[in-house]
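Novice:
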Amino acid sequence: HGHLEAEVFRMTALAMAIATTALLQLSLAAFSPAAEALSTAGATADASPPSSASKILRSSRDYRLLEEVPHDASSFTQGLTYFDGHVYEGTGLEGKSRLMRHDPTDGMRTLREVPLSPSRLFGEGISHYHVWRTDERTGDRAREHRLIQLTWKDKVGFVYSLPGMELLREFSYDTHTGEGWGITFVPHRDEFYVSDGSEHLMVWDAETLEEKRRIKVTFEG
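Using the working numbering, read the sequence shown as starting at 4 and increasing by one per residue.
#1: Leaving out five residues on either side along the sequence, give the residues of the same chain with a beta carbon under 6 Å from the beta carbon of GLU97.
#2: Give me the Cα-Cα distance between ASP208 and TYR91, rounded to the nearest whole angstrom.
#3: Return the chain-ordered list of same chain residues with a C-beta closer than 7 Å to the C-beta of GLU147, the five sequence neighbours on each side being excluded.
#4: Taking a contact to mean a Cβ-Cβ separation below 8 Å, would you say MET168 touches LEU119 in this structure?
#5: Could you tell me which uninterrupted beta strand (DSSP E) segments, each at least 3 residues in length, are contained entirely in the region 104 to 159, listed from first to last along the chain?
#6: With distances taken from CA atoms, which of TYR66, LEU150, ALA145, SER77 is nearest ARG104?
#7: Just list the residues that DSSP pairs LYS219 with in beta bridges.
#8: Mind checking whether GLY110 and PRO166 have CB atoms under 8 Å apart?
#9: Using a Cβ-Cβ cutoff of less than 6 Å, which residues in the same chain neighbour VAL162 once the five nearest sequence positions on both sides are dropped?
#10: Looking at the strands, I want to know which residues DSSP matches up with SER198.
#11: Would the beta-carbon of GLY160 fall within 8 Å of that of GLY183?
#12: What residue range does the beta strand (DSSP E) around GLU70 cover?
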């Protein structure tokens, strides 16, 4: 468990750093293989390496910043995820929480917006993910893409279809603090890693959304 916890701590720290940067200026980045598992806070993305002609604005060990795009400063951003050429943004604040789909090739124009209901809910982290479905007639397996969204103190979450953003289900959950903060999908495990502001990470099954275990993350042991 020590190796796994160390890896989870590094991945979580990376996700939090990227999320903080996104709150200040929403950016599109191409991620190295080491960081693709956590492309943004609560996000997965199929990112391709930039061509040699791409202009790199800034780079580090884990990412290359290719472009800066406009962002609505009135949006209280709580989660970002990238899927199929679009940026999905989840915002917070009671009465103002919403889920949006933006076009990053057109000045981050908002293509669709879904308010949280009831309006008293405070939206939190989001993540694109997929589940596998088998065609009963052909037996073929295919990915079904979805988006999951947490709320802050109400212990309720939502699952939407992608790209349509139609509400598929509402579910209840609990965490160590009783709050929902960030969420990210780990594809090779078919699991979500969920944070709540404490030293604990909740691990959920991506299919059932049931908690499987908790990981206590500490610094230097």
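Beta carbons are placed, not taken as given, at the ideal position from N, Cα and C, and that holds for glycine.
Specialist: Looking at the atomic coordinates:
#1: Cβ neighbours of GLU97 beyond the five flanking positions: ARG123, PHE125.
#2: Rounded to whole angstroms, the separation of the alpha carbons of TYR91 and ASP208 is 22 Å.
#3: So the list reads HIS133, VAL134, ARG136, once near-sequence residues are dropped.
#4: Cβ atoms of MET168 and LEU119: not closer than 8 Å.
#5: List check, beta strand (DSSP E) in window: 112 to 118, 126 to 137, 144 to 154.
#6: Residue LEU150 is the option with its Cα nearest to ARG104.
#7: Partner(s): HIS203.
#8: No; because the gap between Cβ atoms is not below 8 Å, this pair is not in contact.
#9: Around VAL162, the same chain offers ARG149, ILE151, LEU171, ARG172 as residues with beta carbons nearer than 6 Å, after the five sequence neighbours per side are excluded.
#10: The bridge partners DSSP lists for SER198 are LEU204.
#11: A contact, by the Cβ cut-off of 8 Å.
#12: Counting along the chain, the unbroken beta strand (DSSP E) around GLU70 starts and ends at 66 to 71.
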